[in-house]
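Asker: The following block contains the structure, expressed as C-alpha cells.
2 protein chains.
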Amino acid sequence: MAYEFDGQIAVTRAPDGEGGSQWSADLSEGWLVGGGVNGGYLLAVIGNALRHTFADKPDPIAVSAYYLSASAPGPATVDVRVRREGGSVATAAADLRQGQDTRITALATYGDLDRLGDDVRTTAQEPDMPPPDDCVPNSMAPPEVRAIAPLMDRFDMRFHPDHVGWAVGQPSGAGELSAWFRLVDGREPDPVALLMVVDALPPVTFDLGMMGWAPTLELTAHVRAKPAPGWLKVRHATRNMAGGMFEEDCEVWDSAGRLVAQSRQLARQPRPV
Amino acid sequence: MAYEFDGQIAVTRAPDGEGGSQWSADLSEGWLVGGGVNGGYLLAVIGNALRHTFADKPDPIAVSAYYLSASAPGPATVDVRVRREGGSVATAAADLRQGQDTRITALATYGDLDRLGDDVRTTAQEPDMPPPDDCVPNSMAPPEVRAIAPLMDRFDMRFHPDHVGWAVGQPSGAGELSAWFRLVDGREPDPVALLMVVDALPPVTFDLGMMGWAPTLELTAHVRAKPAPGWLKVRHATRNMAGGMFEEDCEVWDSAGRLVAQSRQLARQPRPV
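Residue numbers (the numbering used here), protein chains in the order written: chain B, 1 to 273; chain R, 1 to 273.
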C-alpha cells in the first residue's frame, strides 16, 4: 500500500456470514490512545468495509456508531448486513467484532457524493484559524503523553492558540477546541478518512479542565461533501454537560472552505485523574 | 388509557422472535402528515417498546433511527435485539416493521436518568421566546393545511413570531424555527415523548422558503434529562444545505429552563412544490 493509513484501514473479504458479508481487518496499534484503540479510526475501518460492500455507492453519507466495548490491536471482523438497497442511497448494519465480543454496532447510509448535486447554502461560519505555522503543533506534546497516545504520530495537528491552554494547565473553560489536521503519511482526505477525523482531536472536555479520557457512547457522522486535498480545519465544541455525559459536536472544513463533515457524539464525562 | 398519546404509542409484547423480543403496535392515523406517519411519533413507538424491554433502564439516552420506507397507519411490529446489557446503560437494535417491510432500523442506548448524577454545566443559551400567548398558534393554520396534517391536532404549538413568516410567504431565510410545545391531551412530557417532540415542528427549511415535506434519512436524539411538567421550548436550526440534503438540529428546553434533549437529523431537501 502506498499510504500507511490505507494499510491500517484495509479490509479483505472473508467467506459470507449469516445474512451478509464479512470483512477481515487488522486493528493497528498505531491508533492506540490511553490503552484503547481510537474510535474514529475504528469507524473508518467499518466505513472502509461498507465502501467495498456498495460498488456504486462508495461514500458514507450518515454513520451512527454505538461503542459497546474497548477494542484491542489485532485481528477484527466487520459483519455487514444490507438493510435497504435501491435508489440513490443504501443502508446497512455493521458490527465490528473481535472474537465473540462486539466492539461497535453501527448503522450507515451510503451514496455517491458526486451525484448528489451541488446546491450549497451554508450559513455555518468557517472557523477563523491562524495559519498552521502560527498554531501549536501536537509534536510539542511531552514524551510521556506521546508514549500513551501513539495515535499522535499518525497526524500533524496544529491547535488554535486560544484553546490550547489546557496543555499548560490553563483551560479556557469555553468548551471549544480547533486545529488544523492532516495525516503525516501525506494521504489526502476522502469521505472514509473523515470518519476518523471527526474523532481525532483530544476530548473537548480538555478545554473545560477535565484531562481524562472520555469514552464515546454514540457517535453519528454526516459526510456532506468530498473534501479537497490539503489541510483540514477541525472544530470541536460542547454546550451541555449533564448527568455525567457531554455532547461533542465536530465540524470539518476542507481547504476550499467547505463544510465537509458534521458529527455529534455523546460521551461520558472524564473521571478526575 | 388516560391520555391519547399513551394509547397511540402503546405496545404489547408478542411471542419472542428470532434473537429477541417482539412488540405489537398500532400506528395512529392521528399522526399523519402529508401522506406519511410522522417520524418523531414512530420513534416514540420504538422508544416505548425499548422502555418495556429494559426494566431498570427505562430512559432513552441516545437513539439513532434510519428511515427506510414510509409507514402507514395500522398494525406494526417492533423487533428488539439486546446488544449489550450490564453496567449503567444497555444497548439494543430495534426494527419497526409492517408486514415484510422494515420502516425504520434503529440503535439505542437506555439508562436511568435519575441515577446519572446532577452535575450540569450548560453554556447553551435557552431560546428567548415571547410568552405563549404572544406567539402564533398552530391552530391558525388554514383548513387545507390541517386536512393534510392531522398531527397538528395532537399538540398546541406556538411559533416564535420572528420565524413564522413562511406562513404568509415571507420566510426569514435564517434557517431557524422555534415554538412552545405541549400535547393537547394534557399529558406531561417524559423522556420517551421527547423522541416525538424533536421531530414535531415543520421542517426548518420552511424558514428558507422551501415549503415541501423533507424526508428524514437519519435522526439521532440524545435525552439529557427528565423534563419538568409544562410547556416545552423547541428550537430547530440548519446551517448547511448541500448535495440535496440538510441537517436539522433540534433542542428541547423544559419549563425549568433545562436543555433536556438534543437531536440532529439529516433530511432530503424538499422538492419545489
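Idealized CB from N, CA, C, for every residue including glycine.
1) Quick check: Val-192 of chain R and Ser-263 of chain R, are their CB atoms within less than 8 angstroms of each other?
2) Determine the closest residue to Ala-242 of chain B out of R:Thr-122, R:Lys-57, R:Gly-30 and R:Gly-86, with distance taken between C-alpha atoms.
3) Are there three or more Cβ pairs, one per stretch, closer than 8 angstroms when the region 46-65 of chain B is compared with the region 104-122 of chain B?
4) Taking the C-alpha atoms as reference points, what is the distance between Met-211 of chain R and Gln-170 of chain R?
5) Quick check on Glu-247 of chain R - is its C-beta less than 8 angstroms from some C-beta in chain B?
6) For Leu-68 of chain B, collect the residues of the same chain with a Cβ closer than 7 angstroms to its Cβ; drop the 5 residues on either side in sequence, then sort them by chain order.
7) Applying the 10 Å Cβ sphere with the 16-neighbour rule, what's the burial state of Ile-148 of chain B?
8) Taking the Cβ atom as the reference point for each residue, do Val-89 of chain B and Gly-20 of chain B lie within a distance shorter than 8 angstroms?
9) Taking the alpha-carbon positions, what's the Asp-134 of chain R to Leu-232 of chain R distance?
10) Would you say Ser-21 of chain B lies against chain R (beta-carbon separation less than 8 angstroms)?
11) Determine the chain R residues that contact Leu-68 of chain B at a beta-carbon separation under 9 angstroms, and present them in chain order.
12) Show which residues of chain B have a CB atom less than 7 angstroms away from the CB atom of Ala-124 of chain R.
13) Is Ile-148 of chain R helix, strand or coil by DSSP?
14) For Val-11 of chain B versus Asn-48 of chain B, is the C-beta distance shorter than 8 angstroms?
15) Which residues mark the beginning and the end of the alpha helix (DSSP H) in which Leu-43 of chain B is found?
16) Please name the residues in the region 199-226 of chain R whose beta-carbon is closer than 7 angstroms to at least one beta-carbon of chain B, in chain order.
17) Return the CA-CA distance between Val-234 of chain B and Met-157 of chain B, expressed in angstroms with no decimal places.
18) Determine, using beta carbons only, whether Arg-187 of chain B and Phe-5 of chain B come nearer to each other than 8 angstroms.
19) Starting from the N-terminal side, write out each stretch of the alpha helix (DSSP H) that is 4 residues or longer and does not extend beyond the region 217-264 of chain B.
20) For Leu-42 of chain R, go through chain B and note every residue whose CB falls closer than 9 angstroms to its CB, in chain order.
21) Do we get a CB-CB distance below 8 angstroms when we pair Ala-72 of chain B with the residues of chain R?
22) Can you list the beta strand (DSSP E) stretches of 3 or more residues lying completely in the region 173-224 of chain B, in chain order?
23) In chain R, what lies closer than 9 angstroms to Val-120 of chain B by C-beta?
24) My output table needs one value for Val-168 of chain B: the three-state DSSP class, helix, strand or coil.
25) By Cβ distance, which residues of its chain are closer than 6 angstroms to Arg-258 of chain B, with the 5 residues on each side in sequence left out?
26) By the 8 angstroms beta-carbon criterion, what residues does the region 49-63 of chain R contribute toward chain B?
27) Closer than 7 angstroms: is that where the CB of Ala-70 of chain R sits relative to any heavy atom of the ligand GTP?
28) Starting from the Cα of Ala-286 of chain R, find the closest Cα among R:Ala-261, R:Asp-254, R:Ser-178 and R:Asp-185 and give me that residue.
29) In the DSSP assignment, find the alpha helix (DSSP H) that holds Asp-6 of chain B and state where it starts and stops.
30) On the CB-based measure, 16 or more other CB atoms within 10 Å of its CB, does Pro-202 of chain R come out buried or exposed?
31) For Ile-46 of chain R versus Ala-94 of chain R, is the C-beta spacing smaller than 8 angstroms?
32) Cβ atoms of Arg-239 of chain B and Gly-175 of chain B: under 8 angstroms apart, would you say?
33) Roughly how many angstroms separate the alpha carbons of Leu-43 of chain B and Leu-219 of chain R, rounded to a whole number?
34) Using C-beta distances below 7 angstroms, list every residue in its chain close to Gly-111 of chain B, excluding the 5 sequence neighbours before and after it, in chain order.
35) Apart from the five residues just before and just after Asp-249 of chain R, which ones in its own chain have a Cβ nearer than 6 angstroms to its Cβ?
36) Run the CB neighbour count on Ser-139 of chain B, radius 10 Å, all protein chains shown included, and call it buried at 16 or more, exposed below.
Answerer: Answer, in terms of the structure:
1) no
2) R:Thr-122
3) yes
4) Going from the Cα of Met-211 of chain R to the Cα of Gln-170 of chain R covers about 11 angstroms.
5) yes
6) Thr-102, Arg-103, Ile-104 and Thr-105
7) exposed
8) no
9) 15 angstroms
10) no
11) Arg-83, Arg-84 and Thr-91
12) Arg-239 and Asn-240
13) Of the three classes helix, strand and coil, the one that applies to Ile-148 of chain R here is helix, per DSSP.
14) Cβ atoms of Val-11 of chain B and Asn-48 of chain B: closer than 8 angstroms.
15) 39-53
16) Leu-217, Glu-218, Thr-220, His-222, Arg-224 and Ala-225
17) 10 angstroms
18) It is a contact, given that the beta carbons lie within the stated cut-off.
19) none
20) Against Leu-42 of chain R, chain B offers no close residue; the least beta-carbon distance is about 16 angstroms (beta-carbon pairs closer than 9 angstroms).
21) When Cβ-Cβ separations below 8 angstroms define contact, Ala-72 of chain B makes no contact with chain R.
22) The qualifying runs are 176-183 and 216-223.
23) Contact annotation for Val-120 of chain B against chain R: Asn-240, Met-241, Ala-242 and Gly-243 [CB-CB distance below 9 angstroms, chain order].
24) The answer is helix: DSSP assigns Val-168 of chain B an H, G or I state.
25) Ala-225
26) Ile-61 and Ala-62
27) Looking at this structure, you won't find the ligand GTP or any other ligand, since it has none at all.
28) Here chain R has residues from 1 to 273 only, and residue 286 of chain R is not among them.
29) That run of the alpha helix (DSSP H) goes 4-8.
30) buried
31) yes
32) yes
33) Their Cα atoms are separated by approximately 18 angstroms.
34) Lys-57, Asp-59, Ile-61, Ser-88 and Val-89
35) Ala-237 and Arg-264
36) exposed
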